[in-house]
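S.K.:
Residue numbers (the numbering used here): 50 to 169.
(1) Measure the alpha-carbon distance for residue 120 versus residue 50 and round it to whole angstroms.
(2) I need the boundaries of the alpha helix (DSSP H) containing residue 113, first residue and last residue.
(3) Since residue 40 is in the beta strand (DSSP E), which residue starts that stretch and which ends it?
(4) Assuming residue 168 and residue 96 make a contact with CB atoms under 8 Å, what is their CB distance in whole Å?
(5) Using beta-carbon positions only, say whether residue 106 and residue 138 come within less than 9 Å of one another.
(6) Looking only at C-alpha atoms, which of 73, 66 and 128 sits nearest to residue 103?
(7) Just the Cα atoms here: how many angstroms apart are residue 61 and residue 93?
(8) From residue 158 to residue 57, what distance separates their C-alpha atoms?
(9) For residue 155, which residues does DSSP report across the bridge?
(10) What three-state label does DSSP hand residue 95 in the structure shown?
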């Protein structure tokens with residue numbers, strides 16, 4: 050939440066932030082950073098995210114969305130699960146397009162992700 054506050058201007062200092070994951074799983078995978086940040090921003094701004102969009106990427110302290118391993122395999126799995134679009138780090142060299150029927154939306158920063166996700 051500190052990166053959302055400092056880099057994206059979403060004020061969370063006076064808020065308690067709880068993240069609930071299906072099945073009580075623990076999130077220890079940096080690839081989940083972007084999805085968690087987008088969910089927190091969506092809640093704080095009271096704007097819904099697209100239900101059929103998946104998010105993959107590690108977020109650095111400066112707000113950059115960083116590459117994660119096995120992105121193409123993760124996009125394929127997201128498509129198999131019914132997601133129609135997937136936001137991924139631009140550093141992967143993908144300029145967009147589609148993979149396995151899933152539209153790929155590359156982003157460089159948290160602010161760009163917020164804009165492409167409809168939260169700006």
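Built from N, CA and C at the ideal position, the CB exists for glycine as well.
This one's a predicted model, so the numbers in the text were calculated from it and none came from an experiment.
M.R.: According to the structure shown:
(1) 24 Å
(2) Neither: residue 113 is in no alpha helix (DSSP H) and is coded neither H nor E.
(3) Absent from the model: residue 40. The displayed extent of the chain is 50 to 169, so no value can be given.
(4) 5 Å
(5) Contact flag set, yes.
(6) 128
(7) 8 Å
(8) 10 Å
(9) 137
(10) Correct three-state label for residue 95: coil.
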